[in-house]
Structures are given as C-alpha cells and as structure tokens.
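Q: Protein chains in written order, with full-length UniProt numbering: chain A, 1 to 333; chain B, 1 to 333; chain C, 1 to 333; chain D, 1 to 333.
All C-beta atoms in this analysis are idealised placements derived from N, C-alpha and C, irrespective of residue type, glycine included.
Number of protein chains: 4
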Amino acid sequence: MNTFGRNFRCTTFGESHGLAVGVVIDGCPPGVPLAEADIQPYLDRRRPGKSPLESARMEPDRVEILSGVFEGRTTGAPIALLVRNQDVRSEDYDTLRDLFRPGHADYTWQAKYGLRDHRGGGRSSGRETLARVAAGAVALRCLAPYGISIRGRVIEIHGATEPEAMEAEIRAALKAGDSVGGIVEVIASGCPAGLGDPVFGKLDAAIAGAMMGIGAVKGVEIGEGFGAARLLGSEMNDPIDADGFLSNHAGGILGGISTGEDIVVRLAVKPTPSIRKIQRTVDTTGREREISVGGRHDPCIAPRIVPVAECMMALVIIDAMLEQAKYRGWEVR
Amino acid sequence: MNTFGRNFRCTTFGESHGLAVGVVIDGCPPGVPLAEADIQPYLDRRRPGKSPLESARMEPDRVEILSGVFEGRTTGAPIALLVRNQDVRSEDYDTLRDLFRPGHADYTWQAKYGLRDHRGGGRSSGRETLARVAAGAVALRCLAPYGISIRGRVIEIHGATEPEAMEAEIRAALKAGDSVGGIVEVIASGCPAGLGDPVFGKLDAAIAGAMMGIGAVKGVEIGEGFGAARLLGSEMNDPIDADGFLSNHAGGILGGISTGEDIVVRLAVKPTPSIRKIQRTVDTTGREREISVGGRHDPCIAPRIVPVAECMMALVIIDAMLEQAKYRGWEVR
Amino acid sequence: MNTFGRNFRCTTFGESHGLAVGVVIDGCPPGVPLAEADIQPYLDRRRPGKSPLESARMEPDRVEILSGVFEGRTTGAPIALLVRNQDVRSEDYDTLRDLFRPGHADYTWQAKYGLRDHRGGGRSSGRETLARVAAGAVALRCLAPYGISIRGRVIEIHGATEPEAMEAEIRAALKAGDSVGGIVEVIASGCPAGLGDPVFGKLDAAIAGAMMGIGAVKGVEIGEGFGAARLLGSEMNDPIDADGFLSNHAGGILGGISTGEDIVVRLAVKPTPSIRKIQRTVDTTGREREISVGGRHDPCIAPRIVPVAECMMALVIIDAMLEQAKYRGWEVR
Amino acid sequence: MNTFGRNFRCTTFGESHGLAVGVVIDGCPPGVPLAEADIQPYLDRRRPGKSPLESARMEPDRVEILSGVFEGRTTGAPIALLVRNQDVRSEDYDTLRDLFRPGHADYTWQAKYGLRDHRGGGRSSGRETLARVAAGAVALRCLAPYGISIRGRVIEIHGATEPEAMEAEIRAALKAGDSVGGIVEVIASGCPAGLGDPVFGKLDAAIAGAMMGIGAVKGVEIGEGFGAARLLGSEMNDPIDADGFLSNHAGGILGGISTGEDIVVRLAVKPTPSIRKIQRTVDTTGREREISVGGRHDPCIAPRIVPVAECMMALVIIDAMLEQAKYRGWEVR
C-alpha cells in the first residue's frame, strides 16, 4: 500500500536511484492557493548535504506541480507532484547487489518479492520520504489558515539532550564509522477538539501508524507515553475547569479524539543501519560474508526525520479535519 | 471507522450498556473449521470479574455465530458474531450523564458528535474490545495450523516488574481509590518472512496503529523500541549468518517487513482513568464540578489489555498473511 | 466484499437458511431520529408471500436495532440491524445439495470457494437483500428532511407495459412452470446539483455498480440510456435557460455529477432462474442430470427488486451527500 | 475518487490542457516483464487524429515509466506512467471560460467545486482516459500469459450496424455540425471461473461501475442485457452438460462470479456533446446565451471508447484475478 489517508489520499512512487519520486494527492479541497513555492522550502529543509554531519548526496530536488492547480488555486482534481532524481551514483551500490545489509530492508524485501532494486535501497530508501514531505507541505498550506501549526525537533541523541552534546555524539559516531539513534518530538498546535474517530480510526492510532511507517522509527508515544505506565490515575488524568484542561498529560487526545490541547508525539529513531564498521552478513545465495557499508549516509538520521514526521502529522490532521468537515457540512434536520 | 483490516475486515458494533456487542468478519478464507467453542475461551479470558482486582461486572458473554459457517466450516461469507449484554446497570451512570470524567472520552465525544451515550462510556467503553477479541479468536484459529502463535503478558506495573510486586502495586492503588499504569509485551512466533508492505503498509505501522487503537494505550514500541535511541548502529543491527539472524534487536521487522524472527511489541498502558479520588471537572454546561467515579472498574487495566493486544496482533498478522497469499497465488508467467 | 459505500458504509451478513441476516451501518451522521418503526415498513414491503404471484415464504422479518441509537437518535456509532430467520425449510433444498441449478450462482460459488451453503442459495439468496433494504431505510430516513425522495416501479414485464398485461405475463409463466423478466425504473427527486465525483467516483458509475450488484440484474441505463446510441447530439443535449435545464435526456447526471434534475435509472431484470421446467445440468461430480427446481419462488422477480433498487439508490445518494458535505464543511480561508 | 481497483490500484491525474496526464499503479505483481514498448501501442491506438472522422488534436503521447520497473521487470513498487501534454491550444477554449456547454460537465463541475479548469474540459476531458489506457496496457501485459484476451468493437452507430453504414452516419453528422451515438461491445476471453465476489463485489457490478465511469456512457449490459427482460427463464438459463455450459446468455457471469465462458459487455455511448449546431445555454452569471462548440472534436466518440473500454475491462479482471489469487495462495490446513 503506497497510499496514505482516507480523505486527503497521498499515493507516492519512485525509487532512490530511478528516474523520479513523486506523489499524487487526491481529495485536496478546491480553491486553496498553491504554488511550487509553497512546497519547495519543505523539500529544501529535508534535503541532505547541508552539513558535514549529513549524507553528501547533492540534489536540487525541484518540485513540479503537474496537475490539479489552475490559475494558482487547487481545483479539487488530483495534484501530482514530481521531483526528478539527479545525483544518482548507482555504481556506489554495485557491490551490494547480492548482499543483505544488516538492519536494512534488503533481506525482507527479497523474501517478499523475490527480486529488488538494490540501488540505494530502491523504494525503501529514505529518498521516498521526499514525496511525503511534498504532500505534507500541501497539507500544511491547507491547514495554516485554520491556525494549525506543527513543529518538530530532536530532543535526544544517543542519550544526550543538550544541543552541543547531541552534536558531539553524532561526530563521535561518524569518526568511529558507526551511527547513533535519537528521539524526535512533534507538536501540533491549534487543532480543534473533535478530530479522530472512535475505535479503529482513533487519532492517536492514525498518528502511531503514520510515525511507525517512517523508516528507522521503532517507537511512538503520545503525551506521557511510556511514562504513563509509572503514574497513578490521579497523576495522569488532566483535570478540567471552566477554562479547559489544567494539564496535558494526555498529549491532546482522549479516547482517540483530539481535546483541543497541543498534540504531543515522540518517536524513537534507531541508529542509521548503514555503517562503515565491519558486520557479519550473508549474500543472496546464503554464503557468509563481511560488509562495510560505504556511500553517502547520515551518521544520525533523527534530524532528517524531523520534517518527515511533521509532514506525516500534517497528513494525519488534514485527513481528520476533512472527515470532521463531513459532520459540519451535514445538517441534521 | 469501525472496520479493521484490508483483507480480513472486522467491523465491530455495540455499546457498553446497549443490547449487544458484536463483529462482522468479511474476508475469512473458506474451509476453516470454526465453532463457538473456538471463540468462547478467549472471551472468558477477557471477561472481568475473575479476581478481586478486576471490575465486578459479571456476564457470561456467550458468543453466537450468526452466519458464515456451514457444517462446521467457514464458507467465505461474512461471519457475524454476537454477544448480548446482560449485567447492565445503567443507573450507575446516571450521575455521569452531564459530567465529563477526566481522562475519559466524555469530553471529546461530546465535542465531536454533539451528543453521546453516557452509560458506561457507550461505544468508547472497554466492552467494545470484546468484539475485537471474538474476531481475533477467529484469526488465531486460522493462523494456528501455520504454526503461528501469539502470547502476551504484563511485564511492568507502576514501575514494578516482579509478579508479587506488581500485584502489590495494584492493591495499593485500589485501597487508595486510585489506579496504576503498566507495560504489556506481546510476542508473535512462527510468522514467515515477507509479511507487511513497504511505505505506508509496513507491518510495524499496522501493529502500531492497531495497538494505539486500544483504549488507554499511550505508547508502542517494536524490538529495542525507545531503547534504540540510545544504541549505536553496531549494537542495534542484527548480524546474519548462514543460520539466519544472530540477534533480534529489530523485533522481527526490517523495513516494515517481517524477518521470520519473533515479532516483539510493547505497549504503555495508562492508569485507569476511573478513580474514586476526587477530581476537578466541568459539566456539559461548563460549570465547575468535583467528581468521584464509582461503579465497577479495574484499578489497573494492563492485565485485561493482554488478550485484546494478542487479538489485535492476530488481526494484523492474518491481514498481512492474506495480502502475501495474493503474491503466492499469483504465478508470474 | 460485503461492504457498500465509502461514507455510509453498510456491511451485510447472513444466509438464506442460517440464523439471521443483518447489516452494520458505519458512518451514519449523529443526531438523526431513528426507531425500528422507520425501518420495518420497508422490510414489510420487500417481504414475499403477499400475493399468489410471489414466493410463499412467510416470515414476519422483524428488525431489531442492536446499537448506535440512544434515546431515539443516532449517536454516530455503528448501527447494527438484525433480522432472525424463521420460516426455514432447508429440507426443500436437500435434493439440490450436489446439483448446479442453471442460471444460479451454484456453479460459480463452488468454483470460487470449493464449498457452499446450498440451502436456498445461502449467501447468494435474494434474502440477503433484506439487509440492504434495512440499511436503505435508514438512508431514506436521513435523506427525507433534505426533500430527497426515491420511487421505483416495474415498467415492463416480458415485453408488456400495461399493468394488466404485465400481470397476465406473470400468470402465464407461473402456469407454464416458467418465469419472465422485466424492467424496473427508479427515480430520485430532490437531489442537489454537485453529487458524485469525477473519473472513477462518478455518480452514475456508483449507481451502475449498485444496481448491477442486485441479483438478476443484467443491464443498467441512465436517462436515455441505450436509446442515446440512436440520437443526434442536438437531440441528446439538454439545453439550459435561466430557469435551468429544459429537458432531462441526461437522466440528472452530467460528467458523473448530479445536475439537480431527477435522476432516472432503469434496470433489466432477467427471468427468475428457478423454474419447474426440466433443465439440463450436472452435479458436483460432473455427471449429467436433469433438474426441476421446486420450492418457493417468484415467477417474476422484478416487482420484488423495486424496493431493493430504491434502497440501493438511497445508499448511493447518501454516500455522495456525505462526500459532498465534506466540501461544505471545509471552509477555505 | 481518482483511484480504481482494490488490488491493482490505479490513481490517475492530469488535465486536458495541463502539463501532463499520468497514472500510478500500486499493487502490480513483481517480476512481470514490462517496458514502454508494451504500453505505447495502446496509447497510439487511443490517440486521436488518425482519421478525418476524429478530433484533429495531434500529439505523440509518449509514455515514460518513472518507477516500479528494474532491469525490465516490475518490482512490486508503484509504477508511475507519465505522458506530457503537447498540442495544447488553450486559446480555443477562451470563449468557453464562462459558458456551460450543454451535455458537458461544465455546469455540474462548477456546482460541485465552485471553480473549474475550463480548458478542454480540464479533468473531465476524454484526455484523462489516456491514463486509464496506459494502466490497462500494463494489466493486459500481466494477463496475457494467463491466456486472457480482451477485444472490443463498435457494433452500432446511430442505428446502423454495418461498417459502411456506420461510417456514413458519422460523416452525415459531421457535415451537419452534429454528432451521433453508438454501441460498443467488449468481450473478455480466457477468464477462469471464480472471479468476482458475492454481494457488493460482484464481477458484473465492478464491470458496470467501470464502464459507466467512462464519459459519454449511458448504459451497460451483460450477456442478454436488456433483452433478458423479454425472455422466459427457460430461454435465459444456460443449460450445463459434462462439457460445460451449452449457451452463454449470462454473458459469462452468474451470481456475480465468472463462469469461465466469454464475458460479454455492451455499452451505450451518447452522441459527443460538443457540436457546432447552435444550442441554448447560460453563462456562469445565469444570463441566457447561445453556443456553437468549435475546437477539435470527434463527431462520434464510440470508436475511441473501444480501447478505453477494453482497458477498463482489463483493470476489472486483473483486480479480480489478484483477489482470487489470495484464496489460491492461502492454504487451509
């Protein structure tokens, strides 16, 4: 399934080292002002190669709106967004054609499909997230006039929580030919109460699915999250007075439906699996091999997950907003 | 959305204090032996009132197979399962008609729908999980011959990790008119490699959505989970040799697709929001009030989430198994 | 797939000679007044046994609302409707256990599933339409305050178009141990312009799928339908003046979207396949046999399709109304 | 909804006079040999400008496979197909910016969205079918090794059924500044028995929805179709002997499931609504106007619908084949 969302449906396509990556958005409301300039800044922010601590792949990643916009406004028709791949050095990956990189999708993809595009991870590459970011940028453009904003940041790297210490952890890993994990927090502000559906369509369930669907994410928590397991009910419950909730341990969601408070989510990001350090593995024939993964990789992927996580949050929220709009637009008589 | 799954689609219905709860399963393969006796034990296990530490609601919860089974085998037609409600003391909830219980879905449900069935939480009640367990039992019946088994357990309550200490924490909370949270672990063994789809249909994304969709769950992690944020890549990656993976930090999933190793999931369960302790709240007119939630409630919901989490895991896995069966059944020529 | 609709999702279940038939409606707007008395008249109208020209199966077909309604109004939760089967003479069908009735789903169901509930057609029985009618009655209850009404009628039977002649055709067929086909017309009045989605979600496409999904229907046409193939563009196009459309050759739909004029649909209904006349067939072992289908059958199914077609039309329209409500509820800023 | 299919999901995008039209196919089985050369012939066949009786829009319509194919085989990842628009004379449509063309989607699109891309019909243009044909070509490539073939033809134009008479009807209409309708027949051969699902997922329901979703189609019939309304059961039923069905009045589908016989479908195509003849209409302000539609239009659209209808049939069949593959791949133990 390469489609996300029920109402604001985003179908992504494209491989790391293919011709292009892109997304088709079906269900965007008509009349929203939209131009490439609304999307490009998000792609620029996601783009690697901006610091020595990031993958050195250098591409302009220019987005093109192929459809769905007429005279500067969305028409209600599908919005196709396309980014051509350019800095494609597939030969970097030739040695990996028959090898399973530990911690990567190589083994499982082969088990599933019986064949795979090994170049740069193919479809399972982080480059696919470019399409999600492009779609998320459109969602954010729709949400902005509603006063909804989403901001993410790295709050921990390899146990360090201060900016300088976090950077030091990344440098140390890079130097050691290794990598480090971290924690990303995303907060959505300005969401109305009432978003999300009971039972299987809970807003937190949708967020958890969206976030765990980002490569390298191994955990998701809302509000107090795992900390809630160590609290008493009297500590966890958010009291209410005439002005609203007095605290936000719930992280903005109760019974799967938004309370109107900030929606607070944290993601556990595993260390980048591509490391220079020698690891044991096998090739596609089952023969034991050793591997050192070269090429261009981030020693810590958490910072680059921030814009992706923000955009996935935007996609979840606009989907819930549209679902809720159905009730507002339906007048019971 | 009250439907779960793409291939093994379960639609649940029913309120805590309505006439019945139930589920319709659409997409169960034909020819599977199935009787009420395959489902009842799971409902019995989920049922409250089995210990002084649990809600005292006493119901036989007899399941009836209304359709989809003929001469002891599934036919491929929808399987409707029905459980009538019996021990319904709606009057327990009369005082709650106009009050928002802190930590509950009362406030958000009212914000969403403009009206609600206040009796026992209505549709947002834990009693709805009965339908999920019934569906999960059918899934487990289908999966058993494949050698797939799923087992869950409480591994932590209010910080305690030993059985006696955990029970002590619950007793203490009960005595104090309070409640405690905990952590549940679920492990699926025997799953083949190749389950799950890349990008938005990742197996871990589906699991995260399914688990976060259980009331009171505030966090989900796979394998090392949040611990992965504190590891190096060389510690996190699972090396492979000719016999397979040498460790399982990934928790059985790489790139969103199963590796064939155990799938390991942990859930953070918040303390039951219904507590006798006085809390501040408002009523539906916005007037400030105090509330002490009486009725029959578990001081710790974690143990009762175990069968629900197992069953949700079963539903995710059978759905992925059926999706994968499509590839096996399609022969490229 | 036993689910119909995207927004007003109806999942039906139950076999002709099983315990019950029913439907779960997910997505009904909250706050709609609803009681069993709103649904029962539609079931009574669909019920056989009301005239000597219809199947003699006699059942009260009492509907029970199991969930989703509280204090006389829908809550937004799934509405489960249940009808117990009563007049079940499965022994009538014992001789058919191993025989494929010509014109029936016996052969194809066996080919698909490898086994089947042969009693009264099992899931492929016309009795399944009872669940659709129950769901349609709820849809009609929601649509009525909007001024939308739907009426169907038989306009032709075995070539005859006058009531008396039509009845004579049915009597003649009954006497001959044979059956006759007919044409049903359904008209929806009061629908606003703008319903339906371009491309694959066209309103006429949804209607065509819904109508062709009724057993025994072999053709569907909108407005001029097949007659349009014999017209000039200047005859087919509906001119517009300041008061609106001057004609309705389009049958109320242009480009897949409603115009606001009456939506006019006609269905071709094949003769009931169950006939007493001797037919050639084979049994499940492939041995050639002769068959005369006894039991209780309508010599012409067209009249009984009328309420089913009306209800399917209601389900299509409420689904499109809810989809459109999304746009109304979403305010572009 | 711009997505077609459950298993072989095709999402189309693009407007008549925008930058491009295209489709993303999600769910194509891996390992299928595929190149642009497999798709291009179908686009060439669909392309206008091949005869004086067709629209004179001249474009090479070169398809580009952007993703999902590696080393000549599909990988299981989404296949994005793109065709850039070239011969775009939007100025032809400037006079239509504020006018509703009778018989077109202009009025309804405006009613639905409040704004529209008026150039060449925008998204509701026949040019969108290019994307369907591209997707259908991929489906046909997958189906061919299974021995499944699909062929369509025009069988009637404005009442004429002989090739020469049909052509004469088109020429007469062209000369008169008018247009004519017709009937298209599509036959799928080689389909196995067992395709399609009971109740709402019937194969004929899917076909009817797919065909009625083609612009200008006003009717769909299967097998005897509307003729069945004039038959006796003893005439309509297809007897069976040891070698199979002795006739095919059913058109290859019983109870919504394929019988293994040819699947026979006919479509009623209305006359092209764009005609030079003066028609009455209104503009977007409601003022009465007269209109003569110039530009490049086919006087009869039926011939150009043939490849589109074949491709939609292919999409329905591959979707059902993949659904059925799920059962074959699932081994009940």
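Considering only DSSP beta bridges, list what leucine 267(C) is partnered with.
A: Against the third sequence, residue 267(C) aligns to sequence position 267. Beta-bridge pairing links leucine 267(C) to Val184(C), Val220(C).
Q: Is the segment 100 to 112 of chain D touching the segment 131 to 138 of chain D in the sense that three or more CB pairs, one from each, lie closer than 8 angstroms?
A: Short answer: they don't touch.
Q: Of all Cβ atoms in chain A, is any one closer than 9 angstroms to the Cβ of leucine 322(C)?
A: Numbered from its first residue, the third sequence carries residue 322(C) at position 322. Chain A contact via Cβ: present.
Q: On the three-state DSSP scale, how would you describe serine 125(C)?
A: Here residue 125(C) is taken as the residue at index 125 of the third sequence, counted from 1. Correct three-state label for serine 125(C): coil.
Q: Residues of the segment 272 to 304 of chain D with a CB closer than 7 angstroms to any CB of chain C: list them in chain order, please.
A: So the list reads Thr272, Pro273, Ile275, Lys277, Gln279, Arg280, Thr281, Val282, Gly286, Glu288, given in the order they occur along the chain.
Q: List, in order along the chain, the chain A residues whose C-beta lies closer than 7 angstroms to that of asparagine 2(D)?
A: Indexing the fourth sequence from 1 puts residue 2(D) at position 2. The answer, in chain order, is Asp26, Pro78.
Q: I want to verify the contact list: residues of chain C whose CB lies under 7 angstroms from the CB of tyrosine 113(B), in sequence order.
A: Within the second sequence, numbered from 1, the residue matching residue 113(B) stands at position 113. In chain order: Pro30, Thr75, Gly76.
Q: Using DSSP with H/G/I as helix, E/B as strand and the rest coil, what is alanine 302(C)?
A: The residue you call residue 302(C) lines up with position 302 of the third sequence. Three-state DSSP puts alanine 302(C) in a helix.
Q: Around the Cβ of aspartate 26(D), are there at least 16 other Cβ atoms within 10 angstroms (buried) or fewer (exposed)?
A: Along the fourth sequence, one-based indexing puts residue 26(D) at 26. Buried is the call here.
Q: Can you find a C-beta in chain A that's less than 9 angstroms from the C-beta of histidine 17(B)?
A: In the second sequence, counting from the first residue as 1, residue 17(B) sits at position 17. No, because no Cβ of chain A sits closer than 9 angstroms to the Cβ of histidine 17(B).
Q: Could you check whether the Cβ of threonine 12(B) sits closer than 9 angstroms to any Cβ belonging to chain C?
A: Counting from one through the second sequence, the residue named residue 12(B) turns up at place 12. Chain C, which has a Cβ nearer than 9 angstroms to the Cβ of threonine 12(B), makes this yes.
Q: Which whole-angstrom value describes the C-beta separation of residue 395(D) and glycine 256(D), a residue pair presumed to lie in contact below a C-beta threshold of 8 angstroms?
A: Because chain D is modelled from 1 through 333, residue 395(D) falls outside the range shown and cannot be assessed.
Q: Taking the alpha-carbon positions, what's the alanine 173(D) to alanine 228(C) distance?
A: Taking the first residue of the fourth sequence as 1, we reach residue 173(D) at position 173. Taking the first residue of the third sequence as 1, we reach residue 228(C) at position 228. Answer to the nearest angstrom: the Cα atoms are 15 angstroms apart.
Q: Anyone know if the C-beta pair for asparagine 237(A) and proline 102(B) falls short of 9 angstroms?
A: Here residue 237(A) refers to the residue found at position 237 when the first sequence is read from its first residue. Here residue 102(B) refers to the residue found at position 102 when the second sequence is read from its first residue. Taking 9 angstroms as the Cβ cut-off, asparagine 237(A) and proline 102(B) qualify as a contacting pair.
Q: Use the C-beta contact count for alanine 37(A): other C-beta atoms within 10 angstroms, 16 or more gives buried, fewer gives exposed.
A: Here residue 37(A) refers to the residue found at position 37 when the first sequence is read from its first residue. Its Cβ having fewer than 16 others within 10 Å, alanine 37(A) is exposed.
Q: Does DSSP classify leucine 246(A) as helix, strand or coil?
A: The residue you call residue 246(A) lines up with position 246 of the first sequence. Looking at leucine 246(A) - three-state DSSP - the assignment turns out to be coil, as it is neither helix nor strand.
Q: Which residues does DSSP list as the beta-bridge partners of threonine 3(B)?
A: Locating residue 3(B) in the second sequence gives position 3, where the first residue counts as 1. DSSP output for threonine 3(B) lists Thr11(B) as bridge partner(s).
Q: Just list the residues that DSSP pairs arginine 84(B) with in beta bridges.
A: Counted from its first residue, the second sequence places residue 84(B) at position 84. Beta-bridge pairing links arginine 84(B) to Ala20(B).
Q: Taking only beta carbons into account, state which residues of the segment 86 to 110 of chain C come closer than 7 angstroms to chain D, listed in chain order.
A: Within the segment 86 to 110 of chain C, the residues whose Cβ lies closer than 7 angstroms to some Cβ of chain D are Phe100, Pro102, Gly103, His104, Ala105, Tyr107, Thr108, Trp109, listed in chain order.
Q: Helix, strand or coil for proline 33(A)? Go by DSSP, reduced to three states.
A: The residue labelled residue 33(A) in the question sits at position 33 within the first sequence. Looking at proline 33(A) - three-state DSSP - the assignment turns out to be strand.
Q: Can you name the start and end residues of the beta strand (DSSP E) that threonine 108(A) belongs to?
A: Within the first sequence, the letter at position 108 stands for residue 108(A). That residue, threonine 108(A), is in no beta strand (DSSP E); its alpha helix (DSSP H) goes 106 to 113.
Q: Using the rule of at least 16 other Cβ atoms within 10 Å of the residue's Cβ for burial, across every protein chain shown, is glutamine 279(A) buried or exposed?
A: Here residue 279(A) refers to the residue found at position 279 when the first sequence is read from its first residue. Its Cβ being crowded by 16 or more others within 10 Å, glutamine 279(A) is buried.
Q: With isoleucine 207(A) as the anchor, note down where its alpha helix (DSSP H) starts and where it stops.
A: The residue you call residue 207(A) lines up with position 207 of the first sequence. Element bounds for isoleucine 207(A): 203 to 212.
Q: For my contact list, lysine 175(A) and lysine 218(A) are in at a C-beta cut-off of 8 angstroms; report their separation, rounded to the angstrom.
A: Numbered from 1 along the first sequence, position 175 holds the residue referred to as residue 175(A). Numbered from 1 along the first sequence, position 218 holds the residue referred to as residue 218(A). Actually they are not in contact, since the Cβ atoms of lysine 175(A) and lysine 218(A) sit about 25 angstroms apart, beyond 8 angstroms.
Q: Among Asp117(B), Ile170(B), Ala314(B), Leu315(B), whose alpha-carbon lies nearest the alpha-carbon of glutamate 91(B)?
A: Along the second sequence, one-based indexing puts residue 91(B) at 91. Ranking the options by Cα distance to glutamate 91(B), first place goes to Asp117(B).
Q: Between glycine 213(D) and chain A, is there a C-beta pair that is closer than 9 angstroms?
A: What you label residue 213(D) is simply residue 213 of the fourth sequence in a count that begins at 1. Taking Cβ atoms only, chain A never reaches closer than 9 angstroms to glycine 213(D), which makes this a no.
Q: Grab me the residues of glutamate 128(D)'s own chain with a C-beta within less than 7 angstroms of its C-beta, minus the 5 sequence neighbours each way, in chain order.
A: Walking along the fourth sequence from the start, residue 128(D) turns up at place 128. Hits under 7 angstroms: Thr12, Gly14, Val21.
Q: When the Cβ atoms of the segment 150 to 164 of chain C are set against those of the segment 297 to 309 of chain C, are three or more pairs found closer than 8 angstroms?
A: Output reads yes: the segment 297 to 309 of chain C touches the segment 150 to 164 of chain C.
Q: Do you know offhand how far tyrosine 146(C)'s Cα is from methionine 1(C)'s?
A: Working through the third sequence from its first residue, we reach residue 146(C) at position 146. Working through the third sequence from its first residue, we reach residue 1(C) at position 1. Straight-line Cα distance between these residues: approximately 30 angstroms.
Q: With distances taken from CA atoms, which of Phe70(C), Gly122(C), Ile214(C), Met212(C) is nearest tyrosine 93(C)?
A: Working through the third sequence from its first residue, we reach residue 93(C) at position 93. Of the candidates Phe70(C), Gly122(C), Ile214(C), Met212(C), the one whose C-alpha sits nearest the C-alpha of tyrosine 93(C) is Gly122(C).
Q: For the putative contact between isoleucine 148(C) and valine 180(C), defined by C-beta atoms under 8 angstroms, what is the C-beta separation to the nearest angstrom?
A: The sequence position of residue 148(C) within the third sequence is 148, counting from 1. The sequence position of residue 180(C) within the third sequence is 180, counting from 1. The pair is not a contact, with the Cβ atoms about 32 angstroms apart (cut-off 8 angstroms).
Q: Would you report the Cα separation of alanine 242(A) and aspartate 283(B), rounded to the nearest angstrom?
A: Position 242 of the first sequence holds residue 242(A). Position 283 of the second sequence holds residue 283(B). Spanning the two alpha carbons is a distance of roughly 9 angstroms.
Q: Count Cβ pairs between the segment 186 to 193 of chain C and the segment 262 to 269 of chain C that sit closer than 8 angstroms; are there 3 or more?
A: Judged by Cβ distances under 8 angstroms, the segment 186 to 193 of chain C makes contact with the segment 262 to 269 of chain C, as three or more pairs qualify.
Q: Which value, in whole angstroms, describes the spacing of the CA atoms of valine 69(C) and threonine 75(C)?
A: Locating residue 69(C) in the third sequence gives position 69, counting from the first residue. Locating residue 75(C) in the third sequence gives position 75, counting from the first residue. Going by the C-alpha atoms only, they are around 6 angstroms apart.
Q: To the nearest angstrom, how far is the alpha carbon of leucine 99(D) from that of isoleucine 317(B)?
A: Here residue 99(D) refers to the residue found at position 99 when the fourth sequence is read from its first residue. Here residue 317(B) refers to the residue found at position 317 when the second sequence is read from its first residue. Each residue's alpha carbon lies about 55 angstroms from the other.
Q: Starting from arginine 153(D), trace the beta strand (DSSP E) both ways and give me its first and last residue.
A: In the fourth sequence, counting from the first residue as 1, residue 153(D) sits at position 153. First-last of the beta strand (DSSP E) with arginine 153(D): 149 to 157.
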